[in-house]
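Read through the structure below, which is laid out as structure tokens, and then see the notes.
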Amino acid sequence: IVEGWHKFDPNTQEHKSDLDPTKVTMSEEQAALFQKYVKSTRVRAARNISGFSLPAGSSKEDRLAVEGVLKQAFEALPDDLQGTYFPLGGLTAEQESALQAGGFLFQKPGPMQLLGAAGAGRDWPEGRGVFHNEAQT
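Going by the working numbering, the sequence shown opens with residue 62, and the numbers climb by one from there.
Structure representation (structure tokens):
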């Protein structure tokens with residue numbers, strides 16, 4: 062499947078990651094279209110943590126344990142990445158409005174959405190939250 066979809070053979074090729082944004086190149090036409098149409102973008106990453114199930118298979122206790130692991134990781138970040146963790150279940154109305162206005166707040170997956178149908182919305186909002194550094198970068 063990986064080879065067919067991505068044209069990448071994991072048996073003979075090695076994945077290379079280069080996350081340096083200065084190396085992104087665009088043609089003049091691509092840059093013009095980018096400037097014309099792109100107003101904002103965001104990158105979201107979702108990964109499994111060793112020893113824990115993926116979200117759809119997690120219990121409430123699992124999610125709370127993962128939240129605890131992540132909160133410890135956030136506290137250990139270097140100074141320039143220090144920030145605030147906002148647990149979804151403990152937001153004030155003011156915090157919720159600010160996070161929503163900034164595009165940081167996510168909603169419970171609906172039952173007709175893939176994540177909702179898979180059970181990833183169980184026990185909402187327990188064990189879920191938003192972290193961003195002070196610069197919100």
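Ideal placement from N, C-alpha and C gives every residue a C-beta, glycine not left out.
| Asked | Found |
| --- | --- |
| Spatial distance of M173 from P116 (CA atoms) | 17 Å |
| CB of G177 within 7 Å of CB of G171, strictly | yes |
| Three-state secondary structure assigned by DSSP to P116 | helix |
| Segment contact, 8 Å Cβ cut-off, at least three pairs: the segment 188-196 with the segment 142-150 | yes |
| Unbroken beta strand (DSSP E) run spanning G144, endpoints | G144 to P148 |
| For G190, the first and last residue of its enclosing beta strand (DSSP E) | G190 to N194 |
| S175 and L166 closer than 7 Å at C-beta | A small fix is needed here, since residue 175 is Leu in this sequence, not Ser. No; because the gap between Cβ atoms is not below 7 Å, this pair is not in contact. |
| Anticipated Cβ contact below 8 Å, F113 with S119, distance rounded | 7 Å |
| A93 (DSSP reduced to helix, strand or coil) | helix |
| Proximity of L142 and N72 at Cβ, strictly below 7 Å | no |
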